[in-house]
Every structure is written in structure tokens, then in C-alpha cells.
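Colleague: In this text, residue positions in the sequence shown follow the working numbering: the first is 50, and each later residue adds one. Take a look at this one; I'll ask things after.
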Amino acid sequence: MNDKLNRFNGAILMTGVTGGLGSALLPRLLRRYPHCEVVALIRGADASEVNARLAEALDFGGLAPAERARVSACRADIGQPRFGLDASVWHALAERTVRVFHLAASVDFGLPLAASRAANVDSTRQVLDFADACLRQGGSDFRLNYVSTAYVAGTRRGRLGENELGCGQGFCNAYEQSKLEAETLVTQARERLPVTIYRPSQIIGETGSGRIRKFFGYYEFVRLAARDKIPLLVVNTAVRPDFVPTDYVCEAMLHLGELPHALGRTYHLTAGLARSPNFGLVFGSMYQELAAWLPPGRVLETPRMLSARELSQRATAQELQRFRRSPVKFLQRTYHSYLEEERDFDCDATQATLAAAGIVLPDIETVLRQSTRYALDARYGRAHAARNVDEVEEPSDAPQIA
Ligand SMILES: NC(=O)c1ccc[n+]([C@@H]2O[C@H](COP(=O)([O-])OP(=O)(O)OC[C@H]3O[C@@H](n4cnc5c(N)ncnc54)[C@H](OP(=O)(O)O)[C@@H]3O)[C@@H](O)[C@H]2O)c1
């Protein structure tokens, strides 16, 4: 396999390079395909903004000059026909593209359905058109890699299979629905296109360092906790949320993306219930990490954790009042379903395939701790962390991107 990749050349088209997953995948892509160039489709007002945005992603990846030289940015809006490119540029790109990695999406849980569809479904339709052109104009070696989400399962419960998609389920938000609709398009295209679909769960930092470029979901709670803005957590402590480290997702995609039998298949890149710590442990270790991070003498109280059902019976009037005034209530609203109910993603076969290639899921609680420390030290993407809760920037009270 490595010998084949060493001889492999052409372009790899990538969307979402400025994102959390994309900026972690890019350096790995360059190393995996040493003779390929990467063309990154990036939004921006003009070429200089696009190049500056690429440079930031490259800086995060810590790339050597020779690796940087193999990446170019193309100003594009992937939601537009032919990505908004001139037809001649689009066709020339398709002719030399041997792999597509489509990661770009809006992961804002608060968007209305029409906006989520425009961001996630329209763009996927454009990527499929491009992939058709790659196959027509390029070689038979072409492959498309599409990043979906495990949460296309929506409100379905029980064992959630990799082969299951639209089962008449409901959705917790428009993001889930639009990603299901996008994945449906990709699934339908499997008959004519060589495609592999990946469904990660909630992505956290890298194993060991906790590094990550974007901070949402779990990190929004860390951010409020560091400000001592969580008087009460409405969460079912027995529920096991599903987290996966960025490096596991990237390595899995790069490995599966070259397996002949992965063509036409869908993979859960998830931890699975057996490997997932419950919310009691997740928030317990988050507060332990915070306590260790704060300067001596600063104490943060771990908030009481009550399920939605327990809230009215067990919370005191004072607790309820503090909760209602706290910005955490917006996060609770956004993530309500994930905090109250667990999802049982079937990932046994995928984990076994990956383990056989040395790609092993690490201990998730350990990576969560590392991710928490990294987020605090990096001040959620801003350099020079403040170690005093009073110095940490006040988050907006509005619901955040998730
Ligand atoms: N993060 C998670 O926990 C998670 C879990 C499961 C699945 N996923 C999936 O993983 C993929 C990557 O997510 P992420 O966490 O990296 O998200 P992210 O950090 O928000 O990055 C999203 C990327 O998509 C780009 N993008 C969005 N719309 C675009 C457009 N019209 N034209 C060009 N680029 C566009 C963004 O560009 P800008 O910088 O210009 O906005 C950014 O690079 C998504 O498909 C997401 O659904 C993520």
C-alpha cells in the first residue's frame, strides 16, 4: 500500500481545511501522499485573504517549508455551482484530482433548516458534481471521501448501525437533518462514484497534547466553567457521551480511504458506549483539570448535576434562580438531547479493522483531560492563557456554534 502511495501523484482536493478537523487532517494528508499536491477550497473576499487563512491552517499544522510548498489555496465557495470557479479552472482541477476529502460544513446547531441545508446539502451536491467530473476526466484511481456525522441517527435509539441512514427518524436540530440529507445524496451516488463515508461523533483534541483548532461542544462548557458561570448542570450523569480524538478520526480516514473494500462503505468513527466515560466522570474530570490549572488559592466549586427530571424536585429555589440567570442555560438548550440521552453507535467492526492497522482508540477520559488543559492553556485559540478566572474572556450569552 505505501509503495503505491509513494508513486501516486496528482492533486488532492480538500474542503474545510480552515476547520478543526481539516487543519488536523492536512499535515497527515501531505505525509500520507508524499507526491501529491493539496488544493484547498477556502472562502474569502480575495486571494490575499484566502492565502492568509491557508497560512494560519498551515501554521497550526507545523508544516515544513517543503510540505507547505505542496499546498495551494483556491478561493471558492463550495455552495455555489462549480464552487464559484470559472468553468475552465474547475475542469482543469477535476482533470488532475485523484482524491477528494469533503469536510466542509456548517456545524452551527442553531441555524434554521434552510440555512443548514444551503451550507451542508448544496455544498455536497456541488462536491458530487465535481467528483463526477474527476471520474470522467481523470483516472480510474479516483476516490471521494465524505465526512458525515454519527448524529445523522437523529432521535433513533438502540443499536445504531453503520448501514442505517434514513429510517424515518426525527432530529434534535437542523444540523443533524441537513447532514442526513447530504449523506443521503452521497449514498445515492455510491452506484456511480467510488466513495467512502465517515461518521465521527463529537471530536476532541489530539491524543497526548489535546491540540485542536476549533473549540465548540464540550469546550463551550469548559469555557463557562472556567468563568465559574455554571451554577448547576442539567445532565443525566449516567449517560455516556461519545467523544473521539481528532488524530483517531484523521488516521482512520487516511487508512480506510485506501482500502479497496472500503469503497461504498460507511464507518462510525466513534468510541462506542463501552469505551465512553459517563457525564459524571466527564464533568468531574473537567473540574479537576480546572482546579489544577487555576492559581493556588482560587477555588471553583463543582456544580451540582441534576437530570431534567430531577430539576424541579431537587434544585433549591436559589439554585434555579442562579441557573436561569446563567449563560449555561443557553448551552443546556442547545445540547439538551445529548446531555440527557446516550447513543449506541455500532463501531465494533470498524474499531477491529483499524486496530489491525495499529489505529487504536486511546482512553477517552485521558484525552478529555488533555483537551481541557490544552483549551485552557490556548485560551480557546488565543495565545497566552490567563490563569486567573477573572482574566478569562467573558463568553457571549448567546448560543454558540456547536
Ligand atoms: N467537530 C465535530 O465534533 C464533528 C463531529 C462529527 C462530524 N463533524 C463533521 O466534520 C466536518 C468538519 O467539521 P469541523 O469540526 O472541522 O467544523 P469547523 O471547524 O466548523 O470547520 C468547517 C469548515 O467548513 C468550511 N466551510 C463551510 N462552508 C463552506 C463553504 N460554503 N465554502 C467553503 N468552505 C466552507 C469552513 O470554512 P470557514 O473557515 O470559511 O468557515 C471550515 O473550514 C463537518 O462535515 C462536520 O459535519 C464534525
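Quick reminder that beta carbons are idealized off the backbone N, C-alpha and C, glycines included.
1. If we ignore side chains and look at the alpha-carbon of each, how far apart do residue 231 and residue 196 end up?
2. Apply the 10 Å Cβ neighbour rule to residue 169 and answer buried if 16 or more other Cβ atoms are within range, or exposed otherwise.
3. Can you tell me whether residue 251 sits near ligand 1, meaning its C-beta is under 6 Å from at least one heavy atom of the ligand?
4. For residue 137, decide whether its Cβ has a neighbour in chain D, counting only Cβ atoms nearer than 7 Å.
5. By the 10 Å Cβ neighbour count, where 16 or more other Cβ atoms means buried, how is residue 405 classified, buried or exposed?
6. With distances taken between CB atoms, is the gap from residue 80 to residue 299 smaller than 7 Å?
7. I need the boundaries of the beta strand (DSSP E) containing residue 151, first residue and last residue.
8. How is residue 127 classed by DSSP in three states: helix, strand or coil?
9. Rounded to a whole number of angstroms, what is the C-alpha to C-alpha distance between residue 443 and residue 276?
10. In three-state DSSP terms, what is residue 393?
11. Once the 5 residues before and after residue 208 are set aside, which same chain residues still bring their CB inside 7 Å of it?
12. Would you check whether ligand 1 has a heavy atom nearer than 6 Å to the C-beta of residue 329?
13. What does DSSP give as the partner residues of residue 85 in its beta bridges?
14. Near residue 223, what residues of its chain come up, given a Cβ to Cβ distance below 7 Å and the 5 sequence neighbours on each side ignored?
15. Hey, is residue 174 close to ligand 1, as in C-beta under 6 Å from one of its heavy atoms?
16. Can the beta-carbon of residue 293 be found less than 7 Å from the beta-carbon of residue 250?
17. Excluding five sequence neighbours on each side, which residues of the same chain lie with their C-beta closer than 7 Å to the C-beta of residue 93?
18. Exposed or buried, residue 352, counting other C-beta atoms within 10 Å across all chains shown (16 or more means buried)?
19. Do residue 245 and residue 199 have their C-beta atoms closer together than 7 Å?
20. Check the DSSP bridge columns for residue 246 and list the partner residues they point to.
21. Over the uninterrupted beta strand (DSSP E) stretch that includes residue 281, give me the two end residues.
22. For residue 180, verify whether its CB is less than 6 Å away from any heavy atom of ligand 1.
23. Which residue's Cα is closest to the Cα of residue 234: 110, 189 and 175?
24. Per the DSSP calculation, residue 77 is bridged to which residue(s)?
25. Kindly indicate which three-state DSSP category residue 175 falls into: helix, strand or coil?
26. Grouping DSSP H, G and I as helix and E and B as strand, with all else coil, what is residue 67?
27. Need the endpoints of the alpha helix (DSSP H) that residue 270 sits in, please.
28. Taking 6 Å as the line, does the beta carbon of residue 127 fall inside it for any heavy atom of ligand 1?
29. From 239, 285 and 295, pick the residue whose C-alpha is nearest to that of residue 252; which is it?
30. Short of 7 Å in beta carbon distance, which residues of its chain neighbour residue 72, apart from the five on each side in sequence? Order them along the chain.
31. According to DSSP, is residue 156 part of a helix, a strand, or is it coil?
32. Name the two residues that bound the continuous alpha helix (DSSP H) containing residue 331.
33. From the DSSP output, which residues share a beta bridge with residue 302?
34. Could you check what DSSP says for residue 208 in three-state terms: helix, strand or coil?
35. Tell me the rounded alpha-carbon separation between residue 191 and residue 424.
36. Under 7 Å, do residue 95 and residue 128 count as touching if we go by C-beta distance?
Modeller: Result, derived from the coordinates:
1. Their backbone Cα atoms lie some 10 Å apart in a straight line.
2. Buried is the label assigned to residue 169, since at least 16 other Cβ atoms lie within 10 Å of its Cβ.
3. Here the distance from the Cβ of residue 251 to the nearest heavy atom of ligand 1 is below 6 Å.
4. Within the model displayed, chain D is absent; a lone protein chain is all it includes.
5. The residue in question, residue 405, is exposed, as its Cβ has fewer than 16 Cβ neighbours within 10 Å.
6. Result no, Cβ atoms of residue 80 and residue 299 do not sit closer than 7 Å.
7. DSSP places residue 151 in the uninterrupted beta strand (DSSP E) bounded by 146-151.
8. Reduced to three states, the DSSP call for residue 127 is coil.
9. Interpretation of residue 443 is limited by its pLDDT of 43, a score under 50 that renders its predicted location unreliable; the figure taken from the coordinates is listed afterwards. Rounded to whole angstroms, the gap between the alpha carbons of residue 443 and residue 276 is 7 Å.
10. Residue 393: strand per DSSP, three-state reduction.
11. Contacts found: 393 and 395.
12. No - ligand 1 has no heavy atom lying nearer than 6 Å to the Cβ of residue 329.
13. Answer is 59.
14. So the qualifying residues of the chain are 160, 161, 162 and 165.
15. No, since every heavy atom of ligand 1 falls outside the 6 Å radius drawn around the Cβ of residue 174.
16. Yes, the pair counts as a contact, with Cβ atoms nearer than the cut-off.
17. Once the five neighbours on either side are set aside, the close Cβ partners of residue 93 are 99, 102 and 124.
18. Buried, since its Cβ has 16 or more Cβ neighbours within 10 Å.
19. Taking 7 Å as the cut-off, the beta carbon of residue 245 is found no closer than this to the beta carbon of residue 199.
20. Residue 246 pairs with 195 and 315.
21. Start and end: 281-283.
22. Answer for residue 180: no, Cβ out of range of ligand 1.
23. Looking at the Cα atoms, 175 is the closest of the given residues.
24. Bridge partners of residue 77: none, in fact.
25. Correct three-state label for residue 175: helix.
26. Of the three classes helix, strand and coil, the one that applies to residue 67 here is coil, per DSSP.
27. Start and end: 267-275.
28. Residue 127 Cβ: within cutoff of ligand 1.
29. Ranking 239, 285 and 295 by Cα distance to residue 252 puts 295 first.
30. Excluding residues within five positions, the ones whose Cβ falls inside 7 Å are 66, 106, 109, 110 and 262.
31. In the three-state scheme derived from DSSP, where H, G and I count as helix and E and B as strand, residue 156 is classed as coil.
32. Residues 328-342.
33. Among the bridge pairs identified by DSSP, residue 302 is matched with none.
34. Collapsing the DSSP output to three states places residue 208 in a strand.
35. Using only the alpha carbons, I get a separation of about 38 Å.
36. For residue 95 and residue 128, no; Cβs fall outside 7 Å.
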